[in-house]
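Residue numbers (my numbering), protein chains in the order written: chain A, 1 to 261; chain B, 1001 to 1261; chain C, 2001 to 2261.
Every residue gets a Cβ at the ideal spot worked out from N, C-alpha and C, and that includes glycine.
Below is one structure; the comments refer to it alone.
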């Protein structure tokens, strides 16, 4: 039933693909600009709800099927009256900022792969994700709103100042400038700017999908001890030890690659 | 009357120039070192008060007329007894840290253009501004105080750790080292280090001076909707749409430049 | 007596050397991997206690005597049952995270010089230090635990997100990737990545050891005025003035070097 509904959803502008039960892709496909039309809001809601309620999904990657654009701003050529005045969600926020908050709070690891313009709502969606990776050649991030006499509505000031400090956050918002990938990395707007060809290689993050289901990010000693006692972890450590873990040699010299395999 | 008082102020060490009612420059002109003499404290106070009480000013840029120096430390050759023991201001802080807090809190966008040494109080003034841009060739920032057995008095520890994290803030303060422009950018001490010839090109920020008067930086959906309803914004969006906004083409491909024009 | 006990400690895996009463080195020397065996926990405790109780020490530098390794993870080949279930310390935390918190809170300036792999507990120790400097050629930092199905136990999520923002902190922890020195600098994981040959040149920080004993990092005007009144500071400023401080010339043009001499 559920899969059926998503098969249907493929004709909409936002496409959900389950690459595995744990690893989902959400692909924005609304050519030519990936502009945000009012009809996309319920689609985003449906996807966030699926992320929140599915019991297996662990990693969601947001990307785009449209060359040059990740997701841009509201379509001011569309009828916007209804959108602006939608009733607030349970938290009291307007549905758009509320969906962003829901995404940030969900236990799923969310990653934005930015290969084109992510401006306005596109920047806000990327900022609501847990991580952001940018194509060095193609990514442009911005909060353009102030340049049009508008105020950004999805909370970028709060998120930007935590990522890059108040001075740079004010610059991004008040200048309304385009921020290309490499500068976005220097400012902390994205985790990293990578050659476009390497961007897909976030597989190490996607590997998180193979983790035991109860990993807690909020690290603490009790969680650490509990994780040691888990049979799956015991087995994993046993395997790692058989392969050279805790002894001089390749395993310890390249531990990051070693545990990633 | 007021203009008259500022014309008079031109003979002092800190010069206020109104390039327009919205855009002011504050130029420190106390050769040869832009050293901070006790007589400058009331001048700074006068300028901060003008910034706080003027109804039109939106952007204030701080710079220097002295080659090689933005603003440095207290003049220890001057009589300092009175300065150290001035009565506290309304907030309970000493007048100097209080003026810095007043500048940070004022709704005006404040920008430091650093083309020389900004050490001690100069660094503290820059840190109290909303943004800082540094000349790659000429800027040097530092909190030199600990090197002289002194404690910095204008609160740099609080501001530096929010900009660059605790480890780097401790290094800047405890090492008392000179920090040149490019390193200052890597540490987040300044927004960006730019070739000296490009530094003046902060016009995009100065353009903020043309914004509607009620732009709120604290972005939220309600402020966003309110901004959409503003007649000036409606007109601006109409103009942008006529020029290609929301349609494929140059406007969307270079949105940052487009809205900046 | 005390020195005697530290002479004895030289046969253990963690060596304390007093280069002067104010400047100590703590050297991890447990070849071939500097792996963390359960027997090291009381040794770390002894050193942290010495740091907390000594009245003269001002700077403690942590380094390694083992080529290629700073300090790595728990030795899973050792008997760990006792370690995991040690009674909590006074704060209620397990002894390991508690020792790290005690180090961070001590008034001593703590510096990690990272010339090899600092993974797991090694990364946690470095993060608990006030500052971290990395060898460009040799340093590798990581929290590898999630890659082994484990949760890090020494609180890296809290410390990493304050240093590099939430997005990058999540990436470091969830990817479990090796982070080489230069990337560690770009992420804010370390203060700076330096050529290995220059790493020892943190002498400016070690100079802090010559500071008056009551310097307060939490800078404020009252502390500043108090520091001015100190006879040692008065003498220092007098000497600096005699050498050109507050006058045009070399002293002011290179103030960082000048006060550092």
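Think of a sphere of 7 Å around the beta carbon of residue 30 (chain A): no beta carbon from chain B falls inside it, the nearest being about 12 Å out.
For residue 2122 (chain C), the enclosing alpha helix (DSSP H) starts and ends at 2121-2128. Measuring C-alpha to C-alpha distances from residue 1023 (chain B) to each of B:1182, B:1111, B:1104, B:1199 identifies B:1111 as the nearest. Minimum Cα-Cα distance from residue 76 (chain A) among the listed residues A:223, A:36, A:156 corresponds to A:36. Taking residue 256 (chain A) as reference, the option from C:2117, C:2064, C:2127 with the minimal CA-CA separation is C:2117. Judged by their CB atoms, residue 1163 (chain B) and residue 1127 (chain B) are nearer to each other than the 9 Å cut-off. Among the bridge pairs identified by DSSP, residue 2028 (chain C) is matched with C:2014, C:2064. Against residue 1045 (chain B), chain C offers no close residue; the least beta-carbon distance is about 15 Å (beta-carbon pairs closer than 7 Å).
At a cut-off of 9 Å between beta carbons, residue 1055 (chain B) makes no contact with chain C.
Per DSSP, the unbroken alpha helix (DSSP H) holding residue 2047 (chain C) starts and ends at 2040-2053. For residue 154 (chain A) and residue 183 (chain A), the gap between their C-alpha atoms comes out near 22 Å. Assignment of residue 69 (chain A) by DSSP, reduced to helix, strand and coil, places it in the strand class. Neighbours of residue 2132 (chain C) in chain B, taken as residues at a C-beta separation under 7 Å, are given in chain order as 1167. Our two residues, residue 1165 (chain B) and residue 1123 (chain B), have alpha carbons roughly 17 Å apart in a direct line. DSSP links residue 260 (chain A) through a beta bridge to no other residue. If only complete runs of 4 or more residues are kept, the stretch 148-229 of chain A shows the alpha helix (DSSP H) at 156-175, 181-187, 203-206, 221-229, in order along the chain. For residue 132 (chain A), the enclosing beta strand (DSSP E) has its first and last residue at 131-135.
Neighbourhood of residue 162 (chain A) in chain C, by CB distance below 8 Å: 2165, 2166, in chain order. Look at residue 185 (chain A): its C-beta is not under 9 Å from any C-beta on chain B.
Taking a contact as a CB-CB distance under 8 Å, the pair residue 191 (chain A) and residue 133 (chain A) counts as one, their CB atoms being some 6 Å apart. Counting along the chain, the unbroken alpha helix (DSSP H) around residue 104 (chain A) starts and ends at 95-105. Remark: three or more beta-carbon pairs, one from each stretch, lie closer than 8 Å, so the stretch 2170-2185 of chain C and the stretch 2141-2150 of chain C are flagged as touching. Contact annotation for residue 1227 (chain B) against chain A: 149, 150, 151 [CB-CB distance below 7 Å, chain order].
Residue 91 (chain A) and residue 42 (chain A) have their C-alpha atoms some 17 Å from each other. By DSSP's assignment, residue 35 (chain A) forms no beta bridge with any residue. Of all alpha-carbon atoms in B:1238, B:1115, B:1125, B:1100, the one lying nearest the alpha-carbon of residue 150 (chain A) is that of B:1238. When CB distances to chain C are screened at a threshold of 9 Å, the residues of the stretch 1048-1077 of chain B falling below it are 1068, 1069, 1072, 1073, 1074, 1075, 1076, 1077, in chain order. Between the alpha carbons of residue 2194 (chain C) and residue 2050 (chain C) lies a distance of about 30 Å. A distance of 9 Å or more separates the beta carbons of residue 88 (chain A) and residue 66 (chain A). Secondary-structure assignment with DSSP links residue 1141 (chain B) through a beta bridge to B:1118, B:1179. Under the 10 Å beta carbon count, residue 86 (chain A) is surrounded by fewer than 16 other beta carbons and is classified as exposed. Excluding its 5 nearest sequence neighbours in each direction, residue 199 (chain A) has C-beta neighbours in its own chain below 7 Å: 113, 115, 133, 135, listed in chain order. If you look at residue 231 (chain A), you'll find it in the alpha helix (DSSP H) that goes 231-242.
For residue 2083 (chain C), the enclosing alpha helix (DSSP H) covers residues 2081-2084.
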